[in-house]
Amino acid sequence: FLMERKTHVKINRKEVMLAKLRKTCSCTPQKLKNFVMDFFPVLRWLPKYQCKEYIWGDIMSGLVIGIILVPQAIAYSLLAGLKPIYSLYTSFFANIIYFLMGTSRHVSVGIFSLISLMVGQVVDRELLLAGFDLNDDAPPALGDGSLQNDSLSNTTAFNLTIAGINAECGKECYAIGIATALTFVAGVYQVLMGIFRLGFVSMYLSESVLDGFATGASLTILTAQVKYLIGIKIPRSQGHGMLVITWINIFRNISQANFCDVITSAICIVVLVTAKELGDRYKHKLKFPLPTELVVIVVATLVSHYGKLNEVYASSVSGAIPTGFIPPKVPQFNLMLRVAVDALPLAIVSFVFTVSLSEMFAKKYAYTIQANQEMFAVGFCNIIPSFFHSFATSAALAKTLVKTSTGCQTQVSGVISAMVVLLVLLFLAPLFYSLQKCVLACIIIVSLRGALRKFKDVPARYHVNKVDTLVWVVTMSASALVSTEIGLLVGIVFSMLCIVVRTQRPRTALLGQIQDTGFYEDDLEYENLSTVPKVKIFRFEAPLYYANRNYFLKSLYRLTNLDPNVEAARRKKYEKKEKQHLKKENHRTANGLSIRETTLQLVPKKIDFQALIVDCSSISFLDTTGVNTLKEILKDYKNLNISVLLACCNPSVIDSLKRGGYFGKDCGSMQEMLFYSIHNAVLFARDQK
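What follows is the structure, encoded as structure tokens:
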């Protein structure tokens, strides 16, 4: 039987577009109100805030995250190649802006190790190109007399403008100029992606790519912190292969290790890891996580200050962290042009991590988020703070897990965390002057435990899916051994190639009948299947398009043990030989010659089937090449008196076949060529003569 297709009303796309445009461009008070409410979701949920039910959970989680944020912000400044004060600014402004614009109730947006690393790599590269020394303890030269001069930053020796900034601007001033320009451009990209609805870009970052990227970047982060752990002074490596070059420099200078830093690092790592493991083991008994990082920083600062570790043992310390806020400054446009390309992967990674975490926790706690609004929120978390000497931000999994475990209900907890950071900014920052950099490095390295533990999951990942494991390994290796940006690009391209290869060489099978049923399955995968006499059933488990056409034909000919082109050529050759043989026999008989009987060795191949059924249930679409391929096998097998029947075609495939003329001009033979189940096709084939 042939089902009748519904007649769809043809949509005038031009009219639809014009209607949408008129609706979008119209402005009414209600529409303006909805726009403002959508752009600032806080206006919707804050008036409905259930104070008695939510306030204590939000205050507790906000205080805990604020306590964690302070040491992490100071530590991650090492990754970004900037002073700790800028990390504190970043943490403060990001929490406030996401409170106003974010749609997730639980994610913690702020400073993130991976984003800090990407910012730091761009900052280091531009500092080198501008002629600055990347050595953290470089001697001072010129200063601009402002807050940046307090850190004794060095400058270039020439009195020229560097990318639009006066040469008197020190190293620190130039570094934060690069970081703010990079952050501003990344934020603009994210806002533009939101305007043009480009959130689908995140679909090309699979879980394997993201995990591999994060693990590879974690190896880079760990490598960059080793010199602080052991207290050696080596140049900060730049460019491709930074991980390998850094380790070579570490081993070359290992004899210069500062034993004070080594001992401090060993103690801090033991304390931090032990506390983390105990916290993980007894987390169901703890009402909130132990503030281990803060305790370690306070104790280490006191020991360093009263033990005079910097003066006596030359241990490297954080230095002066000023209080208050620096006057806002517009990011330099000339610097934006220099970092425009670098800002693109930064914008994508920041958005993808934020949206994926938002969706994960929204699903867990049964509410919805607006992915497009999340893109706007993250974009403005970068654009606005860039005017206040801050750098790029993103949601962080570890801090988000802590927020949820300590009773977070809404983004009010983010405001509480911002207030804690503000307290440090205004009053407590100078107290961290004597904090050793090796302690900060320990905090960073211990925070990488989750990403580094992915190596333990490789066997299980391999057992589940070998291709995804290969994508993870390639992305991780490229991110660690080449660079983070190249690693991300390699991961995306390689994962796409894997998909293409899968469709180029998909599974193919001949099907057998499940006994006493109308169902058919792979003859090589299942026992006790019976073959259908005089019928071959071929399944192709992929779309049929130009890239896998040859594989489709080769697989069909191999499994059916019949190449119609070869068989047709053999038959023509046989007919030609037979005609020549008969002609020669007649000629000799006419001359009365006695000849001996000869047998002709070339005979046509015996074919054991009269119908070929193609199971199209796994063929999602056909392109022009795919349609022509099916028309080709229809013609070739017809020359051998073998009928070709199609079964289980979806409407898209049927439409492609109709447009390609597969069923003839008026589709009159469609009922004898197309079937809605394999069994119907088999029954039809049996009834044929």
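Counted from 1, the sequence shown has number 666 at position 602 by the numbering used here; the numbering is strictly sequential. Note that CB positions come from ideal geometry on N, CA and C, so glycine has one too.
Could you compute how far the alpha carbon of residue i sits from the alpha carbon of residue j?
i, j, result
"residue 14", "residue 303", "This structure cannot speak to residue 14, because the chain is shown only from 65 to 753."
"residue 716", "residue 613", "18 Å"
"residue 580", "residue 710", "23 Å"
"residue 472", "residue 272", "29 Å"
"residue 164", "residue 567", "45 Å"
"residue 294", "residue 320", "9 Å"
"residue 601", "residue 739", "13 Å"
"residue 386", "residue 138", "13 Å"
"residue 373", "residue 508", "21 Å"
"residue 622", "residue 670", "16 Å"
"residue 721", "residue 90", "44 Å"
"residue 153", "residue 561", "42 Å"
"residue 177", "residue 558", "25 Å"
"residue 365", "residue 181", "25 Å"
"residue 457", "residue 445", "7 Å"
"residue 689", "residue 633", "24 Å"
"residue 382", "residue 127", "24 Å"
"residue 40", "residue 466", "As displayed, the chain neither begins before 65 nor continues past 753, which places residue 40 out of reach and without an answer."
"residue 301", "residue 307", "8 Å"
"residue 439", "residue 427", "18 Å"
"residue 451", "residue 244", "7 Å"
"residue 211", "residue 170", "Note that residue 211 scores 40 on pLDDT, short of 50, meaning its location in the model is unreliable; the coordinates nonetheless yield the value given after this. One C-alpha to the other measures close to 36 Å."
"residue 159", "residue 480", "9 Å"
"residue 248", "residue 586", "56 Å"
Among the options, whose alpha-carbon lies nearest the alpha-carbon of residue i?
i, options, result
"residue 284", "544, 165, 471, 250", "544"
"residue 782", "182, 124, 385, 413", "Only positions 65 to 753 of the chain appear in the structure, and residue 782 is not among them; the question remains open."
"residue 309", "650, 547, 749", "547"
"residue 594", "412, 491, 576", "576"
"residue 412", "556, 156, 691", "556"
"residue 70", "723, 726, 719, 748", "719"
"residue 156", "448, 429, 111", "448"
"residue 550", "405, 671, 286", "405"
"residue 674", "95, 687, 708", "708"
"residue 435", "126, 418, 445", "418"
"residue 130", "482, 558, 696", "482"
"residue 728", "636, 705, 698, 529", "698"
"residue 350", "143, 536, 470", "470"
"residue 625", "538, 742, 574", "574"
"residue 603", "274, 530, 347, 680", "680"
Secondary structure at residue i, three-state DSSP: helix, strand or coil?
i, result
"residue 171", "coil"
"residue 747", "helix"
"residue 718", "helix"
"residue 114", "coil"
"residue 594", "strand"
"residue 104", "coil"
"residue 686", "strand"
"residue 254", "helix"
"residue 219", "Unreliable positioning characterises residue 219 in this predicted model, as indicated by a pLDDT of 41, which lies under 50. The coordinate reading is nonetheless provided below. If DSSP states are grouped into helix, strand and coil, residue 219 belongs with coil."
"residue 136", "helix"
"residue 493", "helix"
"residue 472", "coil"
"residue 72", "coil"
"residue 650", "helix"
"residue 589", "coil"
"residue 731", "coil"
"residue 188", "helix"
"residue 95", "helix"
"residue 701", "helix"
From the DSSP secondary-structure annotation, give me the bridge partner or partners of residue i.
i, result
"residue 183", "Bridge partners of residue 183: none, in fact."
"residue 434", "According to DSSP, which records beta bridges pairwise, residue 434 is partnered with nothing at all."
"residue 679", "603, 711"
"residue 459", "173"
"residue 500", "381"
"residue 608", "686"
"residue 673", "598"
"residue 739", "711"
For residue i, would you say it is in contact with chain B, using Cβ-to-Cβ distances shorter than 8 Å as the test?
i, result
"residue 350", "Checking the listed chains, one finds no chain B in this structure; it contains a single protein chain."
Along the chain, which unbroken stretches of the alpha helix (DSSP H) at least 4 residues long are found entirely within the segment 328-402? Note on the segment 328-402: whole alpha helix (DSSP H) runs with a minimum of 4 residues are 356-371, 373-377, in chain order.
3 or more residues per run - each beta strand (DSSP E) lying fully within the segment 508-586: 572-578, 584-586, all fully within the segment 508-586.
Return the chain-ordered ranges of every alpha helix (DSSP H) run that is complete within the segment 294-324 and spans a minimum of 4 residues. Entirely contained in the segment 294-324, the alpha helix (DSSP H) runs reaching 4 residues are, in chain order, 306-316.
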